[in-house]
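The opening position of the sequence shown corresponds to residue 1 in full-length UniProt numbering, with each subsequent residue numbered one higher.
By construction, the Cβ of each residue, glycine as well, lies at the ideal position given by its N, Cα and C atoms.
None of these values were measured; they are calculated from a predicted model.
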Amino acid sequence: MAFRIDPDNDPEVDQHLWAYLVPLNQVLLRVDFLRITPTISLGRDPARCTILLPGPHISATHAEISWNGLNNKYSVITLTDNSSGGTWVSGQRVERGKSRILKDGDEIGFGAPVVVNDNGGLHDFRYHFCDAAVKQPLKRLDDLYLRGEHLGTGTGGYVHLATEKSSNQLVAVKTIEYLNTDMDVFREIAVMERVRHPHVISIFSAHESETVPHIYLVMEYMEGGELLQYLERELTERNLWPNGPASRGLPEDMCREIMYQLCHAVAFLHAQGITHRDLKPENILLRDENIRAPFIKVADFGLAHVQKNLTVEVKMTEACGTVQYAAPEVLNPAKPGYNYLADSFSAGIMMFTMMILDNPWCTERRELPGWPLPKLKWSKLSTQLLSPAGLDLLDHLVQPDPFKRVSLAGALKHLWLKSHRPMHHALTGPYMDV
């Protein structure tokens with residue numbers, strides 16, 4: 001007899017779920033799958049799995065259940081088996097390495113298709129699968145927010161201001177047309193939801209249009225705008241350093257404050273297995289318009305890479321990011337992949353840009369195989385602009401060879417940042433290199 005729960009009539013189901021598993025025995029708890037995490041890994045290894053199944057018949061990474069992010073009749077949820085012990089769907093074993101579409105009411109057995117009485121039933125991982133997405137549409141964004149002015153464009157989408165109707169709180173809403181972009185839409189949602197850091201942008205909720213292929217990310221509004229605008233304004237108005245060398249950029253203490261916050265934020269991401277891959281002034285936002293005490297937050301995780309297992313070294317091979325700020329190994333297909341140290345190079349180019357308020361490259365960088373890396377404008381950086389300690393750190397950040405490049409966790413231990421007295425608050429560390 002088929003088992004079925006109607007999400008419309010189940011008080012335990014809310015709009016934040018795309019599916020859930022109801023255990024066949026009363027010893028285990030129900031397993032909820034949240035919309036902010038469209039791919040769920042199940043298994044015995046806590047370092048690599050979202051849901052733990054600690055049984056003797058369960059593999060380290062036993063299975064994966066993924067949702068395509070769509071509602072109603074467009075919802076597709078698949079199960080992929082990665083185990084040696086086996087996974088059964090409605091009595092049929094799923095071949096290892098193969099996937100099967102799940103239907104509402106399917107019975108899933110992880111490790112065994114029959115009752116397992118080990119340990120008082122705690123190892124009996126049989127569940128009824130309930131598809132909440134096929135029945136439960138999300139609330140319309142326009143019911144919750146009043147749309148405001150256009151703020152800018154980010155990876156895969158554009159951002160506008162909005163006001164929450166219930167509280168009058170200002171928020172930023174990013175609209176992603178996910179059929180017109182190569183980015184993993186749900187990667188950005190998953191990254192922003194799992195990270196909590198004072199210098200990383202926060203996401204409040206995610207919504208999906210029921211009429212067009214759009215995802216809406218509701219995020220905190222950063223009144224100060226982009227770091228790029230902050231730099232352009234200083235170049236034009238010279239409020240922070242009215243008189244000085246013609247090639248001057250931000251005052252060193254101001255640059256150091258921004259780098260202190262940036263290195264802490266991105267080193268924290270790296271410790272979580274997250275590589276941003278598109279660090280640039282456009283993706284750094286300022287909380288307010290206080291130009292003499294900037295408070296930044298890292299934004300736009302549309303190109304971020306998430307490493308599930310931090311115990312092994314993972315090399316990325318996808319060429320992505322912005323050419324002017326990308327590390328050489330990211331753009332060079334001849335290189336054997338790259339890792340989180342690519343973010344160090346991008347941060348270094350940002351630091352160079354802040355110190356001279358100009359493109360730091362002597363000639364144009366191009367994303368072409370074999371195109372040589374241009375020289376940097378070191379002649380513009382005198383000790384009048386940047387102290388010897390600052391120059392030393394910058395040199396270690398922009399090393400073309402990643403094996404000679406300092407990590408951002410390592411940068412925080414460098415004299416130039418280690419001795420810094422922050423304008424806002426001291427941040428904790430150190431962060432372990434992954």
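CB-CB length for residue i against residue j, believed under 8 Å
| i | j | result |
| --- | --- | --- |
| Val266 | Leu279 | 7 Å |
| Trp18 | Arg35 | 5 Å |
| Asn82 | Ala63 | 6 Å |
| Val314 | Gln307 | 5 Å |
| Met259 | Leu417 | 7 Å |
| Ala334 | Arg277 | That pair is no contact at about 19 Å. |
| Arg44 | Ile58 | 5 Å |
| Leu394 | Arg405 | Not really, about 12 Å apart at Cβ, beyond 8 Å. |
| Tyr221 | Ile291 | About 18 Å; that fails the 8 Å criterion. |
Proximity to residue i [Cα-Cα], best of the options
| i | options | result |
| --- | --- | --- |
| Ser90 | Ser84, Asn82, Arg100, Arg96 | Arg100 |
| Leu235 | Asp343, Ile356, Gly370 | Ile356 |
| Ala326 | Lys335, Ser344, Glu177 | Ser344 |
| Trp374 | Pro360, His270, Trp241 | Residue identity check: residue 374 is Pro in the sequence provided, not Trp. Ranking the options by Cα distance to Pro374, first place goes to Pro360. |
| Ser247 | Gly85, Gly273, Gln384 | Gln384 |
| Ala409 | Asp395, Asp392, His424, Thr428 | Thr428 |
| Glu257 | Ala426, Val173, Ala172 | Ala426 |
| Cys362 | Ala60, Leu310, Ile349, Glu329 | Ile349 |
| Ala206 | Leu240, Tyr145, Asn239 | Tyr145 |
| Arg194 | Glu367, Ile274, Gly55, Val159 | Ile274 |
| Val27 | Asp118, Pro245, Gln92 | Asp118 |
| Ala47 | Pro56, Ala60, Thr37, Gly55 | Ala60 |
| Val312 | Glu329, Asn339, Asp288 | Asn339 |
| Glu289 | Trp241, Glu226, Pro328, His270 | Glu226 |
| Leu368 | Glu329, Leu386, Lys380, Thr175 | Glu329 |
| Ala389 | Gly109, Asp300, Ser407, His414 | His414 |
| Leu21 | Ser387, Gly55, Phe110 | Phe110 |
| Leu269 | Trp241, Ala304, Leu240, Trp378 | Ala304 |
| Leu381 | Tyr74, Cys49, Lys73, Glu252 | Glu252 |
Spatial distance of residue i from residue j (CA atoms)
| i | j | result |
| --- | --- | --- |
| Cys320 | Phe352 | 21 Å |
| Asp106 | Ile215 | 28 Å |
| Asp6 | Arg140 | Any reading at Asp6 must be qualified, since the residue scores a pLDDT of 44, below 50, and its modelled position is unreliable; the value itself is stated next. Those two C-alpha atoms are separated by around 21 Å. |
| Glu364 | Phe403 | 25 Å |
| Arg147 | Ile284 | 23 Å |
| Cys263 | Met192 | 18 Å |
| Cys255 | Asn25 | 59 Å |
| Met316 | Glu223 | 34 Å |
| Leu376 | Ala347 | 15 Å |
| Leu250 | Asp32 | 49 Å |
| Pro400 | Gln261 | 24 Å |
| Arg96 | Ser84 | 7 Å |
| Met219 | Glu177 | 17 Å |
| Val159 | Tyr127 | 41 Å |
| Ala2 | Thr211 | Confidence at Ala2 is low in this model, with a pLDDT of 34, below 50, so its placement is unreliable and the value that follows should be read with caution. Taking the straight line from one Cα to the other gives about 32 Å. |
| Gln272 | Asn243 | 43 Å |
| Ser209 | Leu228 | 31 Å |
| Glu282 | Glu318 | 21 Å |
| Asp358 | Glu232 | 9 Å |
| Asn168 | Leu42 | 40 Å |
| Val116 | Lys98 | 24 Å |
| Leu79 | Gly86 | 12 Å |
| Val434 | Ser166 | Note that Val434 has pLDDT 49, beneath the 50 cutoff, so the model's placement of it is unreliable and no number is given. |
| Ile189 | Phe204 | 10 Å |
| Ile77 | Thr39 | 10 Å |
| Asp8 | Asp142 | In this predicted model, Asp8 has a pLDDT of only 45, less than 50, meaning its place in the structure is not dependable; the value taken from the coordinates is given anyway. Whole-angstrom Cα-Cα distance: 22 Å. |
| Arg421 | Leu310 | 32 Å |
| Glu237 | His150 | 25 Å |
| Gly337 | Leu331 | 10 Å |
| Val114 | Leu52 | 20 Å |
| Gly302 | Gly157 | 9 Å |
| Met354 | Asp124 | 58 Å |
| Leu412 | Ile108 | 48 Å |
| Gly370 | Ala172 | 40 Å |
Any non-hydrogen atom of the ligand ATP closer than 7 Å to residue i Cβ
| i | result |
| --- | --- |
| Asp106 | Here there are no bound small molecules, and the ligand ATP is not part of this structure. |
According to DSSP, residues forming a beta bridge with residue i
| i | result |
| --- | --- |
| Trp361 | Leu376 |
| Gly225 | Leu286 |
| Tyr74 | DSSP, once it has assigned bridges, lists no residue as partnering Tyr74. |
| Tyr230 | In DSSP, Tyr230 forms no bridge with anything. |
| Trp416 | Answer by DSSP bridge pairing: none, since Trp416 is not bridged. |
| Tyr338 | Met316 |
| Gly85 | BP columns for Gly85 are empty, so no partner. |
| Trp67 | Ile77 |
| His214 | Glu177 |
| Asp32 | Tyr20 |
| Ala172 | Leu161, Met219 |
Does the region 122 to 137 come close enough to the region 64 to 71 to have 3 or more Cβ pairs within less than 8 Å? yes
Pairing CB atoms from the region 294 to 306 with CB atoms from the region 195 to 210, are three or more of them under 8 Å? Yes: at least three Cβ pairs fall under 8 Å.
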